[in-house]
Amino acid sequence: QGCEGDDPTTNDSTSTKSVKIFGYIQPQFDYNFDGGDNKNTFKFKRARLGVRGNIQKDFSYYFMLEASPFIGGDDQEDAYLMDAFISYTKYNWAKVSVGTFKQPFSLDVATPCHSLTTIERSIVADQIVAPQRDFGLMLLGGNNYTKLNYWLAIMNGRGLKMVDNNTKKDIIGRATYKLTGFLTVGGSFRYGYPKLNNNEEERTSFGGELLVELDKLKIQSEFIHDEGAYQPGAGGGCGVDPIDLDGLTSEGAYIMASYNVNEKLQPVFKYEYFDPNTELKNNIDYLERMTLGVNYFFNEKVRFQLNYLANIETVVNVDNDVLLAQMQIKF
Amino acid sequence: QGCEGDDPTTNDSTSTKSVKIFGYIQPQFDYNFDGGDNKNTFKFKRARLGVRGNIQKDFSYYFMLEASPFIGGDDQEDAYLMDAFISYTKYNWAKVSVGTFKQPFSLDVATPCHSLTTIERSIVADQIVAPQRDFGLMLLGGNNYTKLNYWLAIMNGRGLKMVDNNTKKDIIGRATYKLTGFLTVGGSFRYGYPKLNNNEEERTSFGGELLVELDKLKIQSEFIHDEGAYQPGAGGGCGVDPIDLDGLTSEGAYIMASYNVNEKLQPVFKYEYFDPNTELKNNIDYLERMTLGVNYFFNEKVRFQLNYLANIETVVNVDNDVLLAQMQIKF
Amino acid sequence: QGCEGDDPTTNDSTSTKSVKIFGYIQPQFDYNFDGGDNKNTFKFKRARLGVRGNIQKDFSYYFMLEASPFIGGDDQEDAYLMDAFISYTKYNWAKVSVGTFKQPFSLDVATPCHSLTTIERSIVADQIVAPQRDFGLMLLGGNNYTKLNYWLAIMNGRGLKMVDNNTKKDIIGRATYKLTGFLTVGGSFRYGYPKLNNNEEERTSFGGELLVELDKLKIQSEFIHDEGAYQPGAGGGCGVDPIDLDGLTSEGAYIMASYNVNEKLQPVFKYEYFDPNTELKNNIDYLERMTLGVNYFFNEKVRFQLNYLANIETVVNVDNDVLLAQMQIKF
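Residue numbers (this note's numbering), protein chains in the order written: chain A, 1 to 331; chain B, 1001 to 1331; chain C, 2001 to 2331.
What follows is the structure in structure tokens.
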């Protein structure tokens, strides 16, 4: 009487198939230097549980729930479907995925959420690559052993949990190329129609990225530019308050350097800025941030991250630095 | 400190038990021939993840979450418990289940959601077998090898996520009989009290079904009749907008034919109608639909379905045909 | 494109790791002797699904979803994250956990939800140990083989799904000691700041517990005392309507005796009271209850519980006795 047939011989017989369970939890303590009571709290950054696997040789699936009550918007307290897709992987240069997944834009966004070098993604990626996740169809090619990798997606442009709000689709793409063993460059673009019931007003974004991996040193940098229409409420990165960028030209960049002192210890430094309106001088919404952090890997599945985020105001100074401490376990 | 005891030797020792993980995802693209902008969207039809298994010989359990944000009502964006029940299966002719499961009414409703021959169930089943899922206790007998199968349930009558809204319970039953190797007939009934805080107003439904399986040809047909009280908001089939049938006599039917050209290719045709009020002539709510489809099975776990739904209005013509394309992977 | 890297060799290769899936469902039938229509319903008490496991020798994780729509508040219909924590277990006398878990207060609360001897916890524990679950950091020591066990936690004090509502944290602790093979005594305390944006008004609670296990007889008793500020909406025990205790001195106790007639049959009797305001005589909110029950264990994973709850009013008599019947299957 469930959604499975009730034939005992076909259902619960041999389970030679292998469903792989995976996930991770990120309990975190936030401490705000807000010049007052210094708001602080225990919380989860992310708490994810999923399954994935292969069906015969050419198909695979991925199904992941996000259970943290602090990601996905203000009224998002429950577990919800985050990434879920079917992939056809027969041809390495023309793999196809359909379902929900991250928009293929920016190295920072593409980095798995459990492998970020700092606790927070860059402001520019969180603000401009919105919606971060979406419904669509993607063509992709390459793998970790090829010099070229590319991703090209046609997506609703509205994000998770909602059907498309207009009849146009968005096109998003990214490509990376390993120039040498230690240097990878890449670029991303998006061309879309973000507004509700509006097939006219467009949005165009592009970005460039650079990744240097020299022995124990890693330097990563990106620049992202965005202009045109914007739909508030489309949802940005993980738990970030989106800034309304409608009609504005915005841009930002970051540079991040980390060094593996040994197998366990990895200090990291990031400098970044985000200008939501490049045409306005002395904009109080202009953001600049330095992140000083250290990652400690107890083992390959367990990591501790400590980050100090110095938010720099260039117009009016505000007490808003933050200290974040996060434990992560992957399974 | 969790809900398990903290004895390390009894908890995480041998996992000889076998919990079977199962589920499926159905990414889908809808295209509406609406005479205007032709609304279209990527979405999920269903996205389900569950576990099931046997406990010793006589007990089994089933626990399934639905994670698609587009099933379960307008404000249903998160993962929720769909079917979950405990079964006692010692006696084949008197098995017992308790928990949530589909109301045992109609072959179309009983067909597992990943095994439907067309993407949508019949309108009459979606509208009249509402709530489709409910809390209750069921007595059932037979299996795939017996000529007779029966299901008899006492249920709240209010559907998932809610306690009963009156103090009467609903009785729902279905029986099928294999007359010959290729012909199965069956019937269903329901007698209930759907209305809020109302132990007086009744609802009575009955249905008849016919299944012909002749080599590669399958023909399936049902007729369902319903009359009496109705509680709006009880929730119909998967994602369907329920029509308020309170006080009306409604009925409908469908006939569906499919043919297995070979192991992979299966064309399907369905004709159906639903009359929400049999006493009203030229009712603009009267619905007639033809579905033309083709199913392609990449393998036994991966299926592609393409359906064209021609909605026929007999009173006033409306542009409302729909093209649906669905990928499905089971695991 | 999911949250995992896309390296096929590192992802889906060997799954030598062992993720343990666990959970249980508790379908239940409630019948109220309310002097009127006798409200009754099928429902779930709890429906939980989780994973847990060890990472190398010293770390473990626990991740559990609650999917019952009837636990967690009025608008809690969907599956949500209940307990999720990372533990460092290298040193038996100084284990550390971080994440969400039950407040370490009271034997009744500490008892796993699938191992309660009666269907309901005691009123005093449900009302005073609120929030029952919370975010925090815990130091704990001992195990089932040591005479002493202790738990000491620093927690938000606000419960699940919310960041802390003030900048002070709560301290909660419990210790138990096996005096002899059959007698265990224990005590709990909590010192916290429950109110919203209020770092001044405190709440202090303490409790004492006694557990006698004499062959087939088990006697368990607790007394809990509480005074000070209280934040309505902090959420009490599983599905209980919290009484506003702000500014009041409250206390209550229970004594419960059960006897294992044989491996399968266990009758149980519990007497309890809860006085929400010890300074008010003839308080109509004063509660007294006798629970008469019987537990039947089909096997170690499948249990049936039948409980009659006689609610006794000392001031004005009300028809509010309840009969509860629950099936439970663990996996």
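From the three backbone atoms N, C-alpha and C, an ideal C-beta is built for every residue, glycine too.
Closer than 9 Å to chain A by CB, residue i
i	result
D2034(C)	no
N1262(B)	no
N2166(C)	yes
I1332(B)	Only positions 1001 to 1331 of chain B appear in this structure, which leaves residue 1332(B) out of reach.
K2195(C)	no
L2081(C)	yes
V1098(B)	no
V1302(B)	yes
Among the options, nearest to residue i - alpha-carbon criterion
i	options	result
D1134(B)	W1151(B), A1094(B) and Q1103(B)	Q1103(B)
I154(A)	G142(A), T167(A), S18(A) and I255(A)	T167(A)
S60(A)	K270(A), I255(A) and A84(A)	A84(A)
N2311(C)	F2297(C), R2303(C) and I2284(C)	I2284(C)
L2214(C)	L2183(C), G2228(C) and Y2193(C)	L2183(C)
D30(A)	F2297(C), K2039(C), V2163(C) and I2055(C)	V2163(C)
R2048(C)	M2082(C), T2204(C) and D2226(C)	M2082(C)
Y2193(C)	K2216(C), K2270(C) and G2228(C)	G2228(C)
K1178(B)	T1204(B), E1202(B), E1201(B) and L1211(B)	L1211(B)
G2187(C)	L2107(C), I2243(C), Q2026(C) and D2241(C)	L2107(C)
M1290(B)	A1257(B), Q1076(B), E1279(B) and K1057(B)	A1257(B)
G1181(B)	Y1145(B), F1189(B), Y1024(B) and G1157(B)	Y1145(B)
N1295(B)	K1216(B), P1242(B), L1306(B) and D1226(B)	L1306(B)
L1160(B)	I2219(C), A2094(C) and A2067(C)	A2067(C)
V19(A)	Q26(A), K39(A) and N54(A)	N54(A)
K57(A)	A175(A), I171(A) and T89(A)	T89(A)
Residue i to residue j span [Cα, whole Å]
i	j	result
F331(A)	T2100(C)	18 Å
G2173(C)	E209(A)	50 Å
K169(A)	G36(A)	46 Å
F33(A)	Y308(A)	10 Å
F1274(B)	N1317(B)	16 Å
D7(A)	S115(A)	Summary for D7(A): the model assigns pLDDT 39, below 50, so the residue's position carries little reliability; its value from the coordinates is reported in the next sentence. D7(A) and S115(A): Cα-Cα distance of roughly 43 Å.
N2320(C)	L1137(B)	25 Å
I2255(C)	R2121(C)	12 Å
M1064(B)	K1264(B)	29 Å
N92(A)	G141(A)	6 Å
K2301(C)	G1157(B)	30 Å
D2244(C)	I1071(B)	37 Å
N1299(B)	G23(A)	28 Å
Q2266(C)	A1110(B)	39 Å
E1200(B)	F1206(B)	20 Å
N2149(C)	V2240(C)	29 Å
Contact belief for residue i with residue j at Cβ below 8 Å, rounded distance in angstroms
i	j	result
G293(A)	T41(A)	Contact doesn't hold; Cβ gap of about 19 Å is too wide.
G2252(C)	I2224(C)	6 Å
F2105(C)	V2129(C)	5 Å
Q326(A)	K45(A)	6 Å
I2086(C)	V2051(C)	Not confirmed; about 13 Å, so no contact.
T1249(B)	E1279(B)	6 Å
Within-9 Å CB hit, residue i to chain C
i	result
N1299(B)	no
Q1026(B)	no
P69(A)	yes
A125(A)	no
I154(A)	no
L65(A)	yes
N1189(B)	The sequence given here has Phe at residue 1189(B), not Asn. Chain C, which has no Cβ nearer than 9 Å to the Cβ of F1189(B), makes this no.
L1139(B)	no
Below-9 Å beta-carbon distance, residue i vs any chain B residue
i	result
C2003(C)	The predicted position of C2003(C) is uncertain, since its pLDDT is 48 and thus under 50; a value taken from the coordinates is nonetheless stated next. Taking Cβ atoms only, chain B never reaches closer than 9 Å to C2003(C), which makes this a no.
F331(A)	no
F2135(C)	no
F105(A)	no
I2021(C)	yes
I243(A)	no
Y91(A)	no
- Query: Looking at chain C, which residues of the region 1040-1056 of chain B have a Cβ within less than 8 Å of any of its Cβ atoms?
  - Reply: Cβ contacts with chain C: V1051, G1053, I1055 and Q1056.
- Task: Give, in chain order, every residue of the region 305-330 of chain A whose Cβ lies closer than 7 Å to some Cβ of chain C.
- Result: If the cut-off is 7 Å between Cβ atoms, the region 305-330 of chain A has M327 and I329 near chain C.
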